[in-house]
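In the order they appear, the protein sequences are chains A and B. With the UniProt record's numbering, letter number 161 in the first sequence gets 161, and the count goes up by one each step, no holes. With the UniProt record's numbering, letter number 190 in the second sequence gets 190, and the count goes up by one each step, no holes.
2 protein chains.
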Amino acid sequence: MLKVPAHQVAGHRADGGKLGPLVDDSGRFYKPLQGDERGAREVAFYTSFSSDSKVPDHISRFFPKFYGTQLVEASDGSGMKPHLVLQDLTFSRVHPSVMDIKIGSRTWGPEESAEQIQKCLKKDTESSSLPLGFRLSGMQIFGTKESGFWKPEKKWMQSISTDEVRLLLKKFVSSDTSASRPDCAFASVVYGGSKGILSQLLELKAWFEDQTSYHFFACSILMMFEKELALDRKSPCPEIKLVDFAHVFEGRGVIDHNFLGGLCSLIKFISEILTTPEDSSTNGLLEDVHRSHVYPENGSA
Amino acid sequence: MLKVPAHQVAGHRADGGKLGPLVDDSGRFYKPLQGDERGAREVAFYTSFSSDSKVPDHISRFFPKFYGTQLVEASDGSGMKPHLVLQDLTFSRVHPSVMDIKIGSRTWGPEESAEQIQKCLKKDTESSSLPLGFRLSGMQIFGTKESGFWKPEKKWMQSISTDEVRLLLKKFVSSDTSASRPDCAFASVVYGGSKGILSQLLELKAWFEDQTSYHFFACSILMMFEKELALDRKSPCPEIKLVDFAHVFEGRGVIDHNFLGGLCSLIKFISEILTTPEDSSTNGLLEDVHRSHVYPENGSA
């Protein structure tokens, strides 16, 4: 029996009779193929990438496993539709804190229409993509079993300032989502360490400095971890994954400088949180963030 | 007595009664201040940067020395006009081969008008800026005392392909500019080595991964060397310098991901020439390049 994913923080959602991705109980994620060239491009990417022997294992682990395409009953009741069958990235997780970060100051690829370019450029300009090289597309932070997940409003996230981005990256690894100052209590075990998120981002960066096969536009990095494990003094299993490949194009011998630039910018933000967690530039911003909502763990958000 | 610079390969030139930069015989370069906000921004940048104690010496050496501003008789006969007084970067050189590379896939900064953005976006799209993260804005390669300098046509350079960019980067360090295949004879002594251009670009890259004070739009890297010294088995004095700061903006705590991405892309091109100079992907392109012109050393180009 397919169901709506519990921990999806960005993109189209399948609840309320809409078309969106589904998951099964064996760890697979069914993403409806977009009918236009985006669907075709995403299939082409997964097909090519999953059989590309030049991609080293320590890099391919950052991508969802690909199990082909399959006709599946669509979530909007429109009948059997082709879906990408992928790894359900949060399958083995209990209460994952998840952040979806769209990488690149430019989210449009080389083959877009003039109209599409202007639409993307407007969104990139109004969001943090243009100034920061990335934007936060969605997130959930686990609080407690009682309070459930804290999810800021998506609409608010689309137009936040640099300091608010910095604050959310701190809040993501703090013990209390409603505290007036994020304490970054889990920064060292989530962002830091040899298996932490910064380390993984740096591995990805080294690959992007060299690979000239793929250019990733409007692609996201998911950052995930389990706060409860950290509270138990176990590793919170910090992990990054790349998702959304409807705008991947051939690199034609050139590095993906748009993705790489944004990735380096994100790396700088995370590094600064590790070196100066007490930096006060994000004080006074909490008012804004608290316009956002808290959803219970079983919430319908 | 001020005169027109001999080795300027890009930008407005002062010959033919036009407004452009001048040099004196003591090693100073006089750049007319653009009357609008561009002139003000360039003065502000040089003033701030030249007194910025956070910039390490091994980075500030990549920038022209700044000697303030001065009223100077303008080259177009319009009378005394304010000029930036800068270091003449080719003052101590004899027959410099020079390449001007505008860095960044986006050449417009955060405060441009909608009209200016569309104009720059069009130019970035039609040139190699968008696909490669940089574009070649001008170059001269010294041949021999008899043949003088080889300079490709600027108009042609504005719309060259990725393979043609690669070819020009090879030709720049080859022994014969008219040979049908560039031999990259000087690649190892110009691009390579601990004091070569690649090394210098990597030092610059490390700084750009960290610095969050300045964002450089439409700024160029000049690459220079002396072919005759290489022929004499001496160091050809390979050197990079950054120029053109009319579109530098405050970084406000964010790295310059646009410049950094383009710089990493250029680094990848140069690295590939050092590791696989014999790569054949640039064959068959020479016809195009030979539409370009050869100018004698004392030429009026």
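Built from N, CA and C at the ideal position, the CB exists for glycine as well.
ask   = If we ignore side chains and look at the alpha-carbon of each, how far apart do THR276(A) and ALA187(A) end up?
value = The residue labelled residue 276(A) in the question sits at position 276 within the first sequence. The residue labelled residue 187(A) in the question sits at position 187 within the first sequence. Each residue's alpha carbon lies about 11 angstroms from the other.
message = Given this structure, state the Cα-to-Cα distance separating GLU226(A) from LYS31(A), to the nearest angstrom.
response = On the first sequence, residue 226(A) is found 226 positions in, with the first residue counted as 1. On the first sequence, residue 31(A) is found 31 positions in, with the first residue counted as 1. Between GLU226(A) and LYS31(A), the C-alpha separation is close to 25 angstroms.
request  = Could you please give the first and the last residue of the uninterrupted alpha helix (DSSP H) stretch that includes ASP57(A)?
outcome  = What you label residue 57(A) is simply residue 57 of the first sequence in a count that begins at 1. Here the alpha helix (DSSP H) through ASP57(A) covers 57-60.
For GLN70(B), the first and last residue of its enclosing beta strand (DSSP E) = Numbered from 1 along the second sequence, position 70 holds the residue referred to as residue 70(B). That run of the beta strand (DSSP E) goes 66-73.
task = Pull up the distance between the alpha-carbon of PHE66(B) and that of GLN34(B), whole angstroms please.
result = The residue given as residue 66(B) occupies position 66 in the second sequence. The residue given as residue 34(B) occupies position 34 in the second sequence. One C-alpha to the other measures close to 17 angstroms.
query = Are there three or more Cβ pairs, one per stretch, closer than 8 angstroms when the stretch 41-49 of chain B is compared with the stretch 67-86 of chain B?
reply = Yes, they touch.
query = Taking the alpha carbon of GLU228(B) as the point to measure from, which residue in PHE245(B), ASP36(B) and PHE142(B) has its own alpha carbon closest?
reply = As a first step, residue 228(B) is located in the second sequence; it is residue number 228 there, counting from the start. Nearest of PHE245(B), ASP36(B) and PHE142(B) to GLU228(B), Cα basis: PHE142(B).
ask   = What residues from chain A crowd round THR144(B), counting only those whose CB sits closer than 7 angstroms?
value = Looking up residue 144(B) in the second sequence gives position 144. The premise fails here: THR144(B) is roughly 33 angstroms from chain A at the closest Cβ pair, so nothing lies under 7 angstroms.
query = Can the beta-carbon of GLU209(B) be found less than 8 angstroms from the beta-carbon of CYS264(A)?
reply = The sequence position of residue 209(B) within the second sequence is 209, counting from 1. The sequence position of residue 264(A) within the first sequence is 264, counting from 1. Yes, these two residues count as a Cβ contact at 8 angstroms.
inquiry  = To the nearest angstrom, how far is the alpha carbon of GLY133(B) from that of GLY133(A)?
reply    = Taking the first residue of the second sequence as position 1, residue 133(B) is located at position 133. Taking the first residue of the first sequence as position 1, residue 133(A) is located at position 133. When rounded, the distance between both Cα atoms is 14 angstroms.
task = Kindly give me the distance between the Cβ atoms of PRO182(A) and THR162(A), rounded to whole angstroms, as I take these residues to be in contact under 8 angstroms.
result = If you number the first sequence from 1, residue 182(A) lands on position 182. If you number the first sequence from 1, residue 162(A) lands on position 162. About 16 angstroms separates the two Cβ atoms, so there is no contact after all.
task = Specify whether the stretch 97-104 of chain B and the stretch 217-225 of chain A touch according to this definition: at least 3 beta carbon pairs, one from each stretch, less than 8 angstroms apart.
result = Between the stretch 97-104 of chain B and the stretch 217-225 of chain A, the count of C-beta pairs closer than 8 angstroms stays below three; the two stretches do not touch.
Straight-line Cα distance separating GLU164(B) from ASN283(B) = The residue you call residue 283(B) lines up with position 283 of the second sequence. The residue you call residue 164(B) lines up with position 164 of the second sequence. For ASN283(B), the predicted model reports a pLDDT of 48, less than 50, meaning its position is unreliable and no value from the coordinates is stated.
request  = Compute the Euclidean distance between the alpha carbons of LEU89(A) and SER175(B), then round it to the nearest angstrom.
outcome  = Numbered from its first residue, the first sequence carries residue 89(A) at position 89. Numbered from its first residue, the second sequence carries residue 175(B) at position 175. Approximately 55 angstroms between the Cα atoms of the pair.
ask   = Under a Cβ-count criterion, where at least 16 other Cβ atoms within 10 Å of its own Cβ denotes burial, should ASP36(B) be classed as buried or exposed?
value = Residue numbering aside, residue 36(B) sits at position 36 when the second sequence is read from its first letter. Under a 10 Å Cβ-count criterion, ASP36(B) is classified as exposed, with fewer than 16 other Cβ atoms of the shown protein chains found around its own Cβ.
inquiry  = If you measure between the beta carbons of PHE249(B) and GLU146(B), is that distance less than 8 angstroms?
reply    = Locating residue 249(B) in the second sequence gives position 249, where the first residue counts as 1. Locating residue 146(B) in the second sequence gives position 146, where the first residue counts as 1. Taking C-beta atoms as the reference points, PHE249(B) and GLU146(B) fail to come closer than 8 angstroms.
query = Given that GLY262(B) touches chain A, what residues does it touch there, using C-beta distances under 9 angstroms?
reply = Sequence index remark: in the second sequence, residue 262(B) carries index 262 (1-based). By Cβ distance, chain A contributes HIS257 and GLY261.
request  = Identify whether GLU278(B) lies in helix, strand or coil by the three-state DSSP scheme.
outcome  = In the second sequence, residue 278(B) corresponds to position 278, counting from 1. GLU278(B) falls in the coil class under three-state DSSP.
query = How would you label MET224(A), buried or exposed, when you count the other beta carbons within 10 angstroms and need 16 or more for buried?
reply = Here residue 224(A) is taken as the residue at index 224 of the first sequence, counted from 1. By the C-beta density criterion, MET224(A) is buried, having at least 16 other C-beta atoms within 10 angstroms.
Local Cβ density within 10 Å of HIS58(A), reported as buried at 16 or more and exposed below that = Your numbering for residue 58(A) matches position 58 in the first sequence. Exposed, since its Cβ has fewer than 16 Cβ neighbours within 10 Å.
inquiry  = Using the Cβ count rule (16 or more neighbours within 10 Å means buried), how would you classify VAL94(B)?
reply    = The sequence position of residue 94(B) within the second sequence is 94, counting from 1. A residue is called buried once 16 or more other Cβ atoms fall within 10 Å of its Cβ, and VAL94(B), having fewer, is exposed.
query = So what's GLU42(B) in DSSP terms, helix, strand or just coil?
reply = Along the second sequence, one-based indexing puts residue 42(B) at 42. The answer is helix: DSSP assigns GLU42(B) an H, G or I state.
inquiry  = Using the three-state DSSP reduction, which class does HIS215(A) fall into: helix, strand or coil?
reply    = Looking up residue 215(A) in the first sequence gives position 215. Under the three-state reduction of DSSP, HIS215(A) is assigned to strand.
message = Once DSSP output is grouped into helix, strand and coil, what is the label at GLY17(A)?
response = One-based indexing of the first sequence puts residue 17(A) at position 17. In the three-state reduction of the DSSP assignment, GLY17(A) falls in the coil class.
ask   = Since TRP156(A) is in the alpha helix (DSSP H), which residue starts that stretch and which ends it?
value = Mapped onto the first sequence, residue 156(A) falls at position 156. Looking at the DSSP string, the run of the alpha helix (DSSP H) that includes TRP156(A) is 154-157.
ask   = Between which two residues does the beta strand (DSSP E) carrying GLU112(A) extend?
value = For the purposes of this step, residue 112(A) is taken as the residue at position 112 of the first sequence. Annotation: GLU112(A) is outside any beta strand (DSSP E) and is labelled neither H nor E by DSSP.
key: Cβ-based neighbour list, ASP244(B), same chain, cut-off 6 angstroms, excluding 5 preceding and 5 following   = On the second sequence, residue 244(B) is found 244 positions in, with the first residue counted as 1. Annotation for ASP244(B): CYS219 and SER220 place their beta carbon closer than 6 angstroms to its own, counting only its chain and skipping 5 residues before and after.
key: Runs of alpha helix (DSSP H) wholly within the stretch 142-185 of chain A (minimum 4 residues, chain order)   = Assignment of alpha helix (DSSP H) within the stretch 142-185 of chain A, counting only whole runs of 4 or more residues, yields 154-157 and 162-171 in chain order.
ask   = By the 10 Å Cβ neighbour count, where 16 or more other Cβ atoms means buried, how is MET139(B) classified, buried or exposed?
value = Looking up residue 139(B) in the second sequence gives position 139. A buried status is given to MET139(B), since no fewer than 16 other beta-carbon atoms sit within 10 Å of its beta-carbon.
message = Checking 8 angstroms against the spacing of the C-beta atoms, do LYS18(B) and SER75(B) come in under that value?
response = For the purposes of this step, residue 18(B) is identified with residue 18 of the second sequence, where counting begins at 1. For the purposes of this step, residue 75(B) is identified with residue 75 of the second sequence, where counting begins at 1. Yes.
message = Helix, strand or coil, according to DSSP, for HIS95(A) in the structure here?
response = Your numbering for residue 95(A) matches position 95 in the first sequence. Secondary structure at HIS95(A): coil, using DSSP grouped into helix, strand and coil.
query = If we cut at 8 angstroms on Cβ distances, does GLY253(B) have a partner in chain A?
reply = By 1-based counting over the second sequence, the position of residue 253(B) is 253. Interface residue, yes.
query = Name the chain A residues that come within less than 7 angstroms of GLY133(B), Cβ to Cβ?
reply = Counting from one through the second sequence, the residue named residue 133(B) turns up at place 133. The answer, in chain order, is HIS257.
ask   = If you count every other CB in all the chains shown that lies within 10 Å of the CB of PRO21(B), and 16 or more means buried, which is it?
value = Counting from one through the second sequence, the residue named residue 21(B) turns up at place 21. When all chains shown are included, PRO21(B) counts as buried.
Interface residues of chain A facing PRO110(B) [CB-CB closer than 8 angstroms] = As a working note, residue 110(B) is residue 110 in the second sequence. Correct list: LEU130 and PRO131.
ask   = Among ILE267(B), ALA14(B) and SER199(B), which one has its Cα closest to the Cα of GLU239(B)?
value = Mapped onto the second sequence, residue 239(B) falls at position 239. It is SER199(B) whose Cα lies nearest to the Cα of GLU239(B).
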